[in-house]
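S.K.: Take a look at this one; I'll ask things after.
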Amino acid sequence: MNYTNKTIGIWGYGRVGKAAAQFLQSRGATILIYDERPIQAPSSMQIAKSIEKLFESDYLLPSPGVDTRAYRTQYQGKWLCELDLFHNHFHKPIIAITGSVGKTTVTHLLAQALAAAGWRVKAIGNIGVPCLDIVKQQDELDAVILEVSSFQLEFAKSCAPDLAIWTNMHPNHLDRHGSMQDYFEAKSNLIRYQTKEQSALLPVELHQELHDIHLKNSLSFFGKAPKVLNYPFFSIENQEIHLQNHDTITSIIPLNSLDQSIFPINWLMVYAALHLLKVTPQPLAIKPISHRLELVATIAGVTFYNDSKSTTPVSTQAALAALAAPRTILFLGGLSKGIDRTPLIQSLQNRPLQVICFGKEATLLHQQCTALQIPSYSFATLDEAFQLCTIITQPNDCVLFSPAGSSFDLFENYEKRGEEFKALVLRYGKTTTIS
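According to the working numbering, the stretch in the sequence shown is residues 145 to 579, in order.
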C-alpha cells in the first residue's frame with residue numbers, strides 16, 4: 145500500500161506508536177498522533193487535540209494497549225496493524241510466538257539457540273523491541289524471533305510468519321477481549337493467513353478448536369497424550385524429547401542435558417522449533433530472563449525473586465511450583481484483567497506461606513485469602529507492602545514477587561514494576577548483610 149500523502153492517525157505514542165510513526169513517515173505519510181497523556185513528538189508530526197480529530201485520518205494505527213472496541217465498526221476499513229506492515233516490508237524469515245504464558249521464555253530461548261547455531265537473529269516485538277524498528281536492519285539478520293500478544297494480533301489481516309508457535313491457551317485479558325472465544329480469535333490470526341509453505345507448532349489442546357479456521361499451513365503439535373494422528377507430534381517420553389511422525393519415533397534430546405531451571409514444556413517447544421527449522425542444536429549457556437524468576441539477592445538468609453512478568457494466575461502457580469523453600473512470602477497484586485483469581489488463592493491453602501497483597505485489588509485479594517484462612521496483608525502501594533516484608537521474613541524464607549496481575553494499577557508496565565521491587569530489595573540489602 146502506498147501511504148504517500150495519506151494521513152495516518154497513530155493512537156498511543158509509546159514504543160510501538162513511535163516506531164510506527166517514524167516508519168510510516170519515512171514512506172511519505174503525514175503523521176497525526178493522539179495520546180491521552182502529554183507527549184512530545186518531532187515537529188514534523190502533528191498532535192491531535194481530540195480523539196475526533198484523530199478519526200479524520202485516512203488510516204488509523206492503534207498501539208497494542210489501546211482499547212478500540214467502541215470505534216471498530218464505525219471506522220471499519222481504516223485500521224492498520226503493525227504486524228501486517230512488518231510482514232509486508234521484512235523479507236527474511238519470521239518466527240512468531242504467541243500464547244497466554246511462556247511466550248517470552250520461548251522467544252528468549254529460541255533466539256539464543258539459533259544464535260548458538262550461527263544464525264544472526266534478534267528477539268523483537270512484545271519482548272520490548274518494536275518490530276517496525278527492525279525493518280531497516282534486515283540485511284544484518286538471518287531471521288527474527290517475534291513475540292506477539294493478542295492485542296497486537298487483533299487487527300492482523302495478512303501477517304503470516306514462516307514458523308508460528310502457539311505456547312498455550314489460558315484465560316487472559318478478558319477485560320479487553322470480553323470472552324475466551326474472542327481471545328482465541330485474536331490469537332488465531334497468528335496462523336490464519338499462513339500458506340502451505342509455512343508451518344505452525346501448536347499445543348495438542350487446540351487441535352479440535354482449529355477445525356473451523358480452514359488452515360493451509362503445515363501443522364505440528366506438541367504436548368501430552370492423546371497424540372494427534374496424522375500430524376508430527378512432539379512430546380516428552382522417558383525424560384527425552386521425542387518426535388512421532390506416523391509410525392516413526394525419533395529421539396531428539398534427553399532432558400537431563402538441558403538447563404534444569406527451565407520448565408520442560410518450554411524446552412519441548414524450543415527443540416521442536418529447531419527440528420522444524422532443520423537446525424542442528426548447539427550447547428547453550430542460558431542467559432537469565434529479566435523479571436522471570438529472577439534471583440535478586442539473598443539477604444540475611446532470605447532469598448528474593450523478581451517474577452514481575454507473571455501477570456496471570458497460571459504463571460504465578462508455575463513460579464511457586466519451581467521454588468522449594470521452608471516458607472514463601474508471596475506478593476500478589478496488579479489488575480486481574482477479567483480473570484478469576486480465586487482458583488489461584490485456593491491453591492495456596494495448606495502451604496507454608498504468607499501473602500502480601502498490594503495495589504488496586506489488594507483488599508479483594510486479602511479478603512479471598514482471609515476467607516480461606518491464608519495469612520495475608522493488604523497495602524495500597526508496593527513500598528508499604530515491602531516494608532512489612534522486611535519485618536515478617538525469617539532466615540530460609542523465599543520472597544516471591546509474582547503478582548498474577550497486570551501492572552497498570554501502579555506502574556506503566558511489568559518491567560518498571562519489577563525494577564521497583566528490585567530497587568526496594570537492594571536498598572534493604574544496604575542496611576543488612578547480603579549473603
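Using N, Cα and C, we set each Cβ at its ideal position, and we do this for glycine too.
Which residues in the same chain as P398 place their Cβ atom closer than 7 Å to its Cβ, once the five residues preceding and following it in sequence are excluded?
M.R.: Q383 and E384
S.K.: Give me whichever residues DSSP pairs with A441 in a beta bridge.
M.R.: F448
S.K.: Which term fits Q256, buried or exposed, when burial requires 16 or more other beta carbons within 10 angstroms of its beta carbon?
M.R.: buried
S.K.: Can you find the residues in the same chain that come closer than 6 Å, C-beta to C-beta, to C225, ignoring five residues on each side of it along the sequence?
M.R.: F299 and A300
S.K.: Assuming H321 is part of the alpha helix (DSSP H), what are its boundary residues?
M.R.: L318 to H321
S.K.: So is D484 in contact with chain D if we call contact Cβ pairs under 7 Å?
M.R.: In the displayed structure, chain D is absent; only one protein chain is listed.
S.K.: Beta strand (DSSP E) containing G153: first to last residue?
M.R.: Note, G153: beta strand (DSSP E), T151 to W155.
S.K.: Can you tell me whether P376 is buried or exposed? The criterion is at least 16 other CB atoms within 10 Å of its CB, across all chains shown.
M.R.: buried
S.K.: Using a Cβ-Cβ cut-off of 6 Å (strictly less than) and excluding sequence neighbours within five positions of Q493, which residues of its own chain qualify?
M.R.: Cβ neighbours of Q493 beyond the five flanking positions: L516.
S.K.: Quick one: complete beta strand (DSSP E) runs, 3+ long, within the segment 240 to 272?
M.R.: Here the runs fully enclosed are 265 to 269.
S.K.: Nearest-angstrom Cα distance between G272 and E349?
M.R.: 29 Å
S.K.: Would a C-beta distance cut-off of 7 Å place I473 and C533 closer than the cut-off?
M.R.: yes
S.K.: When you compare the segment 519 to 527 with the segment 502 to 510, are there three or more beta-carbon pairs, one atom per stretch, that lie closer than 8 Å?
M.R.: Remark: three or more beta-carbon pairs, one from each stretch, lie closer than 8 Å, so the segment 519 to 527 and the segment 502 to 510 are flagged as touching.
S.K.: Using 8 Å as the threshold, is the segment 243 to 259 in touch with the segment 305 to 321, meaning 3 or more CB pairs across them?
M.R.: yes
S.K.: Name, in chain order, the residues that DSSP records as bridge partners for H386.
M.R.: S379 and S395
S.K.: For G158, does the three-state DSSP call read helix, strand or coil?
M.R.: Three-state result, G158: coil.
S.K.: So what's L570 in DSSP terms, helix, strand or just coil?
M.R.: helix
S.K.: Going by C-alpha distance, which of Y147, Y178 and L387 is nearest R171?
M.R.: Comparing Cα positions, the closest option is Y147.
S.K.: What number of angstroms, rounded off, separates the C-alpha of L176 from the C-alpha of G156?
M.R.: 11 Å
S.K.: Is T514 helix, strand or coil when you go by DSSP?
M.R.: helix
S.K.: Are L346 and F328 closer than 7 Å when you measure CB to CB?
M.R.: no
S.K.: Return the CA-CA distance between S579 and G158, expressed in angstroms with no decimal places.
M.R.: Only weak support exists for where S579 lies, its pLDDT of 49 falling under 50; the value from the coordinates is given anyway. Cα to Cα, the separation comes out at about 39 Å.
S.K.: Let me know if I430 comes out buried or exposed under the rule of 16 or more other beta-carbons within 10 Å of its beta-carbon.
M.R.: Label assigned to I430: exposed.
S.K.: Taking its Cβ as the centre, do 16 or more other Cβ atoms sit within 10 Å of L439, making it buried, or is it exposed?
M.R.: Classification for L439: exposed.
S.K.: Please go through the same chain and pick out, in chain order, the residues whose beta-carbon is closer than 6 Å to the beta-carbon of S459, but skip the five residues on each side of it.
M.R.: V245
S.K.: So, are the CB atoms of I289 and I335 less than 7 Å apart?
M.R.: no
S.K.: Whole angstroms are fine: how far does the CA of Q338 sit from the CA of S302?
M.R.: For S302 and Q338, the distance between alpha carbons rounds to 8 Å.
S.K.: Count the other CB atoms within 10 Å of the CB of I393; is the residue buried (16 or more) or exposed (fewer)?
M.R.: Answer is exposed; the Cβ neighbour count stays below 16.
S.K.: Closest to L205 by C-alpha separation, out of I154, M189, K197 and I195, would be which residue?
M.R.: Here the closest residue by C-alpha is I154.
S.K.: Within 8 Å, do at least three Cβ pairs link the segment 552 to 567 to the segment 418 to 438?
M.R.: yes
S.K.: Check this for me: beta carbons of F167 and L285, under 7 Å apart or not?
M.R.: Taking 7 Å as the Cβ cut-off, F167 and L285 do not qualify as a contacting pair.
S.K.: Quick one: grab the DSSP three-state call for S579.
M.R.: Bear in mind that the predicted position of S579 carries a pLDDT of just 49, short of 50, making it too unreliable to give a figure here.
S.K.: Could you pull the start and end residues of the beta strand (DSSP E) that C501 belongs to?
M.R.: L497 to F502
S.K.: I'd like the ranges of any beta strand (DSSP E) spanning at least 3 consecutive residues and lying wholly in the segment 206 to 245.
M.R.: 238 to 242
S.K.: Within 10 angstroms of its Cβ, does S323 collect 16 or more other Cβ (buried), or is it exposed?
M.R.: It counts as exposed.
S.K.: Which of the three DSSP states, helix, strand or coil, is assigned to F167?
M.R.: helix
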